[in-house]
Structure formats: structure tokens, C-alpha cells
Amino acid sequence: MIKVRDKWFRILVLVLPFILVLYTNDVLLRADLPKILRTLVSLACIILVCEGSRYLIYNSRKWNKNRLSPTLRLGAVIVAGLAYTTTLLVCSAWVRHLLSGKDTTHYPTESFVRINNSQVASGLWGYSFFNAIFIFFFLLAGFETLYHYAKMRHTEKEKEQLEKDKLRAELNQLKGIVNPHFLFNNLNSLSSLIGENPARAESFLDELTKVFRYLLRNNQSELTTLELELQFIQSYYHLLQTRYGNGISLHIHLDAKYEEWRLPPLTLQLLIENAVKHNSLQKEHPLEIELMSAPGNNLMVRNTVFKREGMVESTGIGLQSINARYKMLHLPEVRIEKDNRYFTVIIPLVEPQADGQQVQDPGAQLTSWQ
-2 MIKVRDKWFR
8 ILVLVLPFIL
18 VLYTNDVLLR
28 ADLPKILRTL
38 VSLACIILVC
48 EGSRYLIYNS
58 RKWNKNRLSP
68 TLRLGAVIVA
78 GLAYTTTLLV
88 CSAWVRHLLS
98 GKDTTHYPTE
108 SFVRINNSQV
118 ASGLWGYSFF
128 NAIFIFFFLL
138 AGFETLYHYA
148 KMRHTEKEKE
158 QLEKDKLRAE
168 LNQLKGIVNP
178 HFLFNNLNSL
188 SSLIGENPAR
198 AESFLDELTK
208 VFRYLLRNNQ
218 SELTTLELEL
228 QFIQSYYHLL
238 QTRYGNGISL
248 HIHLDAKYEE
258 WRLPPLTLQL
268 LIENAVKHNS
278 LQKEHPLEIE
288 LMSAPGNNLM
298 VRNTVFKREG
308 MVESTGIGLQ
318 SINARYKMLH
328 LPEVRIEKDN
338 RYFTVIIPLV
348 EPQADGQQVQ
358 DPGAQLTSWQ
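As C-alpha cells, this is what we get:
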């Protein structure tokens, strides 16, 4: 349903004519009962014309139900509105005449006092119709403009919601691809460790449990604090170290002031997993990953580039997931920079006061690994 915000326009079209009536009838300086009554009649007429026209203009679409074209509907509204407004103006004039006694200064024509003369009555209708044209077309233009503006805003919000729903569906689809891949890799590592080193396998399983606890608790959250995300990354890095040994290293250089700043959960995990997936991890050429503060309240995630031999072309699922989250939350775009030596991703951080979310600690049981 389209909600039209016309409060101030209605106040304007009610107050200004009423002030004019008070001024022309000289009620404030020389008030008497007939003048007060005539002023109240004028006020009632103003309210009925304004609110009745508003009701007619807005509800004509509901009554029409696409039976008439927009042009014919508008024509019908104009005819009905002019008839309604003219009739109210005439009735108001007659009632004010009955209350006026011998005072006729407020009438549109001098001959109006001769009520039994048909020519005078015709003149009143003509004068009222002329006023009705000006009044109703002013109201029609105002209410139609406000309605179309509200309709435009409503359409924009619907499009925005549809786009958000589409992005959310795409994001959920991407999550379904990323998480099984992560689980498969770690279960393979666990399977190998069980036979080679049961103690390390137990430690690995313990860390894997903590990581999946964080994944499950944060998977539906829109934002989390950088501090919690880094705690998770330390545990995730422990899993990678268990698998790759000295083939990978993680360096964190972040300003402490950003600990309570926000970012979409699992962003760093996806970037690190992306780096591991596309690069060779060897003692001779270890994968070095750096997390550091960047100008403009950003987080820089940078890794060295040493491509795997025979590696298939990237599908970009991890980066698509991150971009989809940022777009859905109307956050600044993620920037990607790459050369022959480094692959760099610039992640915008969200100031705590800006998002208005209370982030609970879902990973309170996580252990930070240095």
C-alpha cells in the first residue's frame, strides 16, 4: 500500500485560506456573533473542500480498478471534483447570507441580496464555479504530485527489497558452496593426522570444533566485531598451520582502535582460504598473509603470489560472497589490487555507532593462537 505523506500540504491549504477569511471578515478586530458564525461556516467549507477532494483524488484509483484509462479517470475526477467543490461553495455562500442579516459586503456581487431573482442565483453558481476551478485544480495538482512522488519512492523501495532478496538468495547459494569445500579440506587433513599423529589429530579436532562453533553462530549475522573475527582467524590459522606447516605464515598489524569496528563475519576466512586455494604453499616459497590497518578506516588483507602449477582458473566464489554481503548491506565496495608480487583486498570497516547493532560474543570459548 502506498502511503502518501501530505500532512504539511493539508495544513497549508487549511490554514492559509482560514487566515484570509479572518482578515477579510475583520473578525479579530470587530468580532460579533454573526461574523463568528460566518467564519465557522467558511472554515467548515474549507475543511470539506480540502478533505473531500483529497478523498476523491486518492480513492478514484481504488474505485476505478483499471476499468478506465488514466486519462478518463482523471477526467472523471475533475468533473466530480468541480461539481463537489462548486456545490459546497454555493451552499456556504447561502448559509453565510442567511447569517449575515443586512450585511452584504462579503458577497461576490451586489445583486446577490435579491435572492428570488433567478439571474442572481445564476451569477452565484458561475462565480462559485470559477472559484472551484482554481481551488480544485490547485488541490488536484498538489495531491497528484504527492501521490506520484510517494508511488515513485514505494517503487524504489520495492526494487531495493527485491534486489536485496536476490542478493541474499545468491549469498546463501554461495555459502552452500564455500562451507562444504572448507569442511571437506579439513576432514581430509584430520583423516591423515589420525593415522600419523593421534595427539595432533585430537588438537586439530578441538580447534576444528571451535571454528565450526563460530561458523554456525555467525553464519546468519550481518556484522561482527573485528576483535571477534580476529579471534576466529587465529584458530582458523592454527588449522592451516597443522595442514601446511611452514608453508604458510600470518602477520597481523592492526590498530587497537579498530577492535570494536564491524565487518561481515567470515570475510577474513574467505580471503585467507582464497589465498591458500590459489597459491603454492612450500617451505621454499611460503604463503605470507598480512592483515593490517589501511587509510580511510579500511582493513588490508595482502598475500604473496606464487601460483600453483597446473591450477585451474578461479571461479571467484569467495570474492563474490564478500562483494554480495557488502552490496546487500549498502556498504562501500571492496577494492581488489593485484600485481606479480601481491594480491591485495581492501575491506571497509563499519564504525560501531554507524551500524547500531549489538554484537554478542558468539566465540567466547575460542582460544587465540599466536
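To convert, note that position 350 of the sequence shown is 347 in the numbering used here; the numbers rise steadily by one, no gaps.
Glycine is no exception: its CB is placed at the ideal position from the N, C-alpha and C atoms.
Cβ separation of residue i and residue j, assumed to be a contact under 8 angstroms, to the nearest whole Å
| i | j | result |
| --- | --- | --- |
| L236 | I286 | With a Cβ gap of about 14 angstroms, L236 and I286 do not count as contacting. |
| P262 | T221 | 4 angstroms |
| Y233 | V208 | 6 angstroms |
| L136 | C47 | 7 angstroms |
| V368 | S125 | Since the first and last residues shown for the chain are -2 and 367, residue 368 lies out of range. |
| E348 | G315 | Wrong, their Cβ atoms sit about 25 angstroms apart, outside the cutoff. |
| H275 | R305 | 7 angstroms |
| E219 | E257 | Not a contact, Cβ separation roughly 16 angstroms. |
| S50 | F133 | 6 angstroms |
Short Cβ contact (8 angstroms threshold) for residue i with residue j
| i | j | result |
| --- | --- | --- |
| I43 | F15 | yes |
| I447 | L284 | Any answer about residue 447 is impossible in this case: the structure gives the chain only from -2 up to 367. |
| R259 | A147 | no |
| S318 | L267 | yes |
| F201 | L190 | yes |
| L96 | V38 | yes |
| E226 | L278 | no |
| P345 | L326 | no |
| T239 | R210 | no |
| T341 | E334 | yes |
| L85 | L34 | no |
Buried or exposed (CB count within 10 angstroms, at least 16 for buried), residue i
| i | result |
| --- | --- |
| F181 | exposed |
| D252 | exposed |
| N337 | exposed |
| G242 | exposed |
| K32 | buried |
| A41 | exposed |
| I(-1) | exposed |
| Q158 | exposed |
| I230 | buried |
| Q228 | buried |
| R64 | exposed |
| V10 | buried |
| S66 | exposed |
| A90 | buried |
Residues of its chain near residue i, where Cβ-Cβ distance is below 6 angstroms and the 5 sequence neighbours each way are ignored
| i | result |
| --- | --- |
| R332 | I343 |
| L250 | Residue identity check: residue 250 is His in the sequence provided, not Leu. M289, listed in sequence order. |
| K4 | none |
| K154 | none |
| V92 | V38 |
Contact set for residue i: own chain, Cβ-Cβ below 7 angstroms, skip 5 residues either direction
| i | result |
| --- | --- |
| N61 | R70 |
| Y375 | This structure cannot settle anything about residue 375, because the visible part of the chain is limited to -2 through 367. |
| H151 | I(-1) |
| K161 | M325 |
Chain-order list of residues whose beta-carbon lies under 8 angstroms from that of residue i (same chain, five-residue window excluded)
| i | result |
| --- | --- |
| Y55 | V1, F140 and Y144 |
| L30 | none |
| Y339 | R299, N300, T301 and V302 |
| I8 | none |
| W122 | T83 and V87 |
| M297 | E287, L288, M289, S290, A291, T341, V342, I343 and I344 |
| L53 | V74, A77, G78 and Y81 |
Any chain D beta carbon closer than 8 angstroms to residue i
| i | result |
| --- | --- |
| L220 | Given the protein chain composition of this structure (a single chain), no chain D is represented. |
Exercise. Touching or not, the stretch 288 to 297 and the stretch 182 to 201, by the rule of three or more beta carbon pairs under 8 angstroms?
Worked result: no
Exercise. Is the stretch 78 to 85 in contact with the stretch 126 to 139, if contact means three or more CB pairs nearer than 8 angstroms?
Worked result: A contact exists between the stretch 78 to 85 and the stretch 126 to 139.
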